[in-house]
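Trainee: Take a look at this one; I'll ask things after.
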Amino acid sequence: MEKGLKLALNHYFLYPALTVIDPALSFTASPQATASAGIDALCHAVESIMSTNSNPITGSLAFEATSLVDDYLERAYCNGEDVEARNGLALASVMAGMAFANTGLCLSHGMAYTFVTRCKLPHGASVGVAEPYVIEFNSPSIPDKVEVIAAGLGLDTQGLSATEVGYAIALRMIDIMETVGLPLSLKDLGLGKKDLEPMVDSLLKNYQRFIVKNPRKPSRDELLELYQTILEGY
Ligand SMILES: [Fe+2]
């Protein structure tokens, strides 16, 4: 097996018949853990909406999860004992999980897998680095879905093209991530130009399952360009 490859465990037995969610257990989670887990929930939600496997039921769950993270992540980060915010985030996490367990995830998770092992970053933080740019990349292919994501984030998109809506979503995500102290570019993670080609190769070789669910199928050149954009950030 290739060295340094991030793998995921998945089996029918890992899906519970009954789950008890107690937001009080998260009161003592550090701001950093809250930020990473919260942005991961948001990424699960938006990728579930964008997924080629989405349907009205998963879409409803993911829309609500998007809205809850938008409302509560910054609050829970600033005050871990904000009960309303912790409740909202716990609900968001569960709803986004129910959505993506049925739809699968898209390109951002696949891209994050290629750099998280190079810089030892928590999972959620790594996906967040890629997500804004992938949403903008996908937006021309999913004009209706970016409207749904934008609505979940409370954005006014009147008169905007699909790509402009994608960019507005990206900026809102970056705004949230800045507030909760998450990295915003691959440069922030200490990565450089020399890392990009190997990451494209790894994505194409090892993580096709994320590309398959992505609504816009990227060419190799487009992937390299996307990594370049994420390297510098906006
Ligand atoms: Fe995730």
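In the numbering used here, the protein residues as written are 2 to 235.
From the three backbone atoms N, C-alpha and C, an ideal C-beta is built for every residue, glycine too.
Please read all numbers here as calculations on a predicted model, not as lab measurements.
Is L69 closer than 8 Å to F211 when the C-beta atoms are compared?
Mentor: no
Trainee: Can you list, in chain order, the residues of its chain with a C-beta nearer than 8 Å to that of P216? Leave out the 5 residues immediately preceding and following it.
Mentor: M51, S52, T53, C107, N139, S142, I143, K146
Trainee: Using DSSP with H/G/I as helix, E/B as strand and the rest coil, what is D71?
Mentor: DSSP places D71 in helix when its eight states are reduced to three.
Trainee: Our contact map puts V201 next to L232 with C-beta atoms below 8 Å; I'd like the distance itself, whole angstroms only.
Mentor: About 12 Å; that fails the 8 Å criterion.
Trainee: Using CA atoms only, rank isn't needed, just tell me which of T115, D72, G193 is closest to E3.
Mentor: Considering only alpha carbons, the answer is T115.
Trainee: By the 10 Å Cβ neighbour count, where 16 or more other Cβ atoms means buried, how is K214 classified, buried or exposed?
Mentor: buried
Trainee: Are the Cβ atoms of A86 and G182 separated by less than 8 Å?
Mentor: no
Trainee: How long is the line joining the alpha carbons of L185 and A113, rounded to whole angstroms?
Mentor: 13 Å
Trainee: For the alpha helix (DSSP H) that contains R119, what are its first and last residues?
Mentor: 108 to 120
Trainee: Could you tell me if the beta carbon of C107 falls within a distance shorter than 7 Å of some heavy atom in ligand 1?
Mentor: Checking every heavy atom of ligand 1 against the Cβ of C107, none is found closer than 7 Å.
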